[in-house]
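Asks: All you need for the numbering used here is the position in the sequence shown, starting with 1, plus 28.
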Amino acid sequence: MSAIAAARPKVRPKEFHFPLSVEWLGERRVAARVEGKPAIEITPPPVFRGTDPATWSPEDFLVAAAASCLAVTFTGLAVRAELAYTSLGVDGDGVAGMRADGRFGFTRLLLRLEVETAPAGEAQARRLAEEAERTCLVSESLDLPVETEIVVKIPQ
Numbered sequence: 029m030s031a032i033a034a035a036r037p038k039v040r041p042k043e044f045h046f047p048l049s050v051e052w053l054g055e056r057r058v059a060a061r062v063e064g065k066p067a068i069e070i071t072p073p074p075v076f077r078g079t080d081p082a083t084w085s086p087e088d089f090l091v092a093a094a095a096s097c098l099a100v101t102f103t104g105l106a107v108r109a110e111l112a113y114t115s116l117g118v119d120g121d122g123v124a125g126m127r128a129d130g131r132f133g134f135t136r137l138l139l140r141l142e143v144e145t146a147p148a149g150e151a152q153a154r155r156l157a158e159e160a161e162r163t164c165l166v167s168e169s170l171d172l173p174v175e176t177e178i179v180v181k182i183p184q
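(1) To the nearest whole angstrom, what separates the beta carbons of Val123 and Phe132, a pair I think is in contact under 8 angstroms?
(2) Can the beta-carbon of Leu48 be found less than 8 angstroms from the beta-carbon of Leu98?
(3) When you compare only the Cα positions, how much space is there between Ala59 and Arg136?
(4) Would Leu111 pass as a contact of Gln152 if the rule is Cβ separation under 8 angstroms?
(5) Among residues of its own chain, excluding the 5 on either side of Ala109, which ones have a beta-carbon nearer than 7 angstroms to its beta-carbon?
(6) Taking 8 angstroms as the cut-off, decide whether the C-beta atoms of Gly120 and Val91 are in contact.
(7) Given a cut-off of 8 angstroms, decide if Pro183 and Thr114 are closer than it, judged by their beta-carbon atoms.
(8) From Leu139, Glu150, Pro147 and Leu105, pick the residue whose C-alpha is nearest to that of Ala93; which is it?
(9) The beta strand (DSSP E) with Phe132 in it runs from where to where?
(10) Is the beta carbon of Thr176 sitting closer than 8 angstroms to the one on Glu161?
(11) Is it right to say Thr145 is buried, meaning 16 or more other beta carbons lie within 10 angstroms of its own, or is it exposed?
(12) Alpha carbon to alpha carbon, how far is Thr163 from Thr101?
(13) Have a look at Glu43 and Trp52 and give me their C-alpha separation to the nearest angstrom.
(14) State the Cα-Cα distance for the pair Val107 and Ala148, rounded to the nearest angstrom.
(15) What first and last residue would you give for the alpha helix (DSSP H) that runs through Asp88?
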């Protein structure tokens, strides 16, 4: 290494923080709080003996995090690429069961991104959806398979 290269300050990769706190509210109910945002109440799902099926569960949030990340990653890419689309939706399903390591947990996530665009934007929409699938921070951070189906529709 040259003396010039050794003297350069090391460039730090970007690092982002997402702080939050969780507070027990009583029984099996907690609230997640992020500064400046409304609190969200969370309970276990009924399948794990939760008693309030109308309240979000941690499992709901895991699937929602991956599905919404895919959607907003696509929207960001579409803005930069100037792709016009008329609708966008992502359906998600988290599958939990016995894992190969013998522990119970999520075994895979299934996501279905559907976008509607004009015929001229069909190929670009598919490329951007595939890029969003590859670059979604949440899905890329998970240690489980994330299977994504991409559907590009043309208005009738």
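Even glycine gets a Cβ: it sits at the ideal position worked out from N, Cα and C.
Replies: Let me spell this out:
(1) That belief does not hold up - the Cβ atoms of Val123 and Phe132 are roughly 12 angstroms apart, past 8 angstroms.
(2) no
(3) 27 angstroms
(4) yes
(5) Gln152 and Leu156
(6) yes
(7) yes
(8) Leu139
(9) Phe132 to Glu144
(10) yes
(11) buried
(12) 8 angstroms
(13) 29 angstroms
(14) 16 angstroms
(15) Pro86 to Ala109
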